[in-house]
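Q: First the structure, then my questions, so here it is.
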Amino acid sequence: SLGIAISEAIEQAVQRKDTRYSLGSVLNHVMLHQTVIGLEAKKQLEALGDYPDVVIGCAGGGSNFAGASFPFIADKIAGKQIQVIAAEPASCPTMTRGPYAYDFGDTNQTTPLLPMHTLGHDFVPAPIHAGGLRYHGMAPMVSHAIRLGLIEAAAIDQIETFESGLLFARTEGFIPAPETNHAIAAVIRAAKQAKEEGKQKTIFFNWSGHGLVDLAAYDAYLTGKLKPYSLPEEEIQRALKAIEKLPKVA
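For the sequence shown, the working numbering gives the first residue as 159, with consecutive numbering after it.
This is the structure in C-alpha cells:
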C-alpha cells in the first residue's frame, strides 16, 4: 500500500544523511502545488468559450484530484453551479465508507496526525491493478471539502473501470492507466445520466496517466481473470480498530 511506501521512504530519509524525502500527495502544500493542472484547464476552456458542468478525477491520496478540481471548487464556493466528483476504488473506499477522523498518514505512525477520511493506518487494500489509488486515507483538504458538500465521492468496481478504459481506448485511441479508468468510469456515468435527463453537459476530467506499462492488467481483464470486488464491512471495522484510541475530531 502507499501507506507502507511512505513509511519506508521516511525510514530511508531518517537513516541516511544523503537522503531527503519529498511527499508527493496527501499534504496541503502538495494539493496547492498541483492546482497548476486545474488552472491550466480553466485557461484552455476559456479559449474554447466553455466551462464545465461536471469536474471529475480519480483519487487515491488526493493530489491528482485536488490539482484538477480545486480551481473549479473555488468557483463553486463563489456561487458557480458545478458538480465535482472524486472517483475511488470500491476495494479501497476511503471517502465513501471511511469515517472522518484523526489518523496517521503512514503505516508506521511516523507522520503527524491528520484529520481525514480514513480506513485506518493498518489497512492494506486488496491488490488491485490501480496501485496509485491504494491508500488508506484521503488528503485533509479533500476530506474537508467533502464534509462541506463541495465534493461528491463515488466508489467504482475494477471491472467497471476496465470496461470504461477499454471503451475509451477503442473510441479515442489512447490507453488509460488503471487509475485513470476510475475517472473515465465516473465520466461515462455522468454522461449517461445527462442523456437520460435530456441535458447537454460539459464534463471535464483529468487524464492522470497512460496505461502502456499496465497492459498486463488489461490482459487480465480481457482473459476473465479479474473479478468484481467490494470491500467487506467486517474488513473495514477490523482496520478501524487502529484509530480507536486516537484523538477525536471535534
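By construction, the Cβ of each residue, glycine as well, lies at the ideal position given by its N, Cα and C atoms.
Which stretch, first to last residue, makes up the beta strand (DSSP E) that contains Phe363?
A: The residue you call residue 363 lines up with position 205 of the sequence shown. First-last of the beta strand (DSSP E) with Phe363: 361-363.
Q: Along the beta strand (DSSP E) that carries Phe281, what are the first and last residues, could you check?
A: Walking along the sequence shown from the start, residue 281 turns up at place 123. Careful: Phe281 lies outside any beta strand (DSSP E) and carries neither H nor E.
Q: From the DSSP output, which residues share a beta bridge with Cys250?
A: Position 92 of the sequence shown, counted from the start, is the residue given in the question as residue 250. None; Cys250 has no bridge partner.
Q: Less than 8 Å between the CB atoms is what I'm expecting for Phe320 and Tyr376, so what's the real figure, rounded?
A: In the sequence shown, the residue the question calls residue 320 occupies position 162. In the sequence shown, the residue the question calls residue 376 occupies position 218. With 8 Å as the limit, Phe320 and Tyr376 qualify as a contact, their Cβ atoms being about 7 Å apart.
Q: Using a Cβ-Cβ cutoff of less than 6 Å, which residues in the same chain neighbour Leu256 once the five nearest sequence positions on both sides are dropped?
A: Counting from one through the sequence shown, the residue named residue 256 turns up at place 98. The identity of residue 256 in the sequence shown is Gly, whereas the question assumes Leu. Around Gly256: His275, Thr276, Leu277.
Q: Can you tell me where the beta strand (DSSP E) with Ile314 in it begins and where it stops?
A: Against the sequence shown, residue 314 aligns to sequence position 156. Unbroken beta strand (DSSP E) run through Ile314: 310-314.
Q: What are the boundary residues of the alpha helix (DSSP H) that includes Met189?
A: In the sequence shown, the residue the question calls residue 189 occupies position 31. Here the alpha helix (DSSP H) through Met189 covers 186-192.
Q: So, for Leu197: in the same chain, excluding its five sequence neighbours on each side, which residues have a beta-carbon less than 6 Å away from its beta-carbon?
A: Counting from one through the sequence shown, the residue named residue 197 turns up at place 39. Only Pro229 meet the Cβ criterion.
Q: Relative to the C-alpha of Gly225, which residue among Asp208, Trp365, Pro251, Leu370 is closest?
A: Here residue 225 refers to the residue found at position 67 when the sequence shown is read from its first residue. Residue Trp365 is the option with its Cα nearest to Gly225.
Q: Hey, would you say Tyr260 sits closer than 9 Å to Leu271, going by beta carbons?
A: The residue given as residue 260 occupies position 102 in the sequence shown. The residue given as residue 271 occupies position 113 in the sequence shown. Taking 9 Å as the Cβ cut-off, Tyr260 and Leu271 qualify as a contacting pair.
Q: So what's Met296 in DSSP terms, helix, strand or just coil?
A: Working through the sequence shown from its first residue, we reach residue 296 at position 138. Met296: coil per DSSP, three-state reduction.
Q: Helix, strand or coil for Gly411, going by three-state DSSP, please let me know.
A: Not covered by the structure: residue 411. The range shown for the chain is 159 to 408.
Q: What's the gap between the Cα of His287 and the Cα of Asp372?
A: To locate residue 287, count along the sequence shown from 1; it is residue 129. To locate residue 372, count along the sequence shown from 1; it is residue 214. Roughly 8 Å separates the two Cα atoms.
Q: Tell me whether His302 sits in a helix, a strand or coil according to DSSP, three-state version.
A: The residue labelled residue 302 in the question sits at position 144 within the sequence shown. Residue state, collapsed to three classes: helix.
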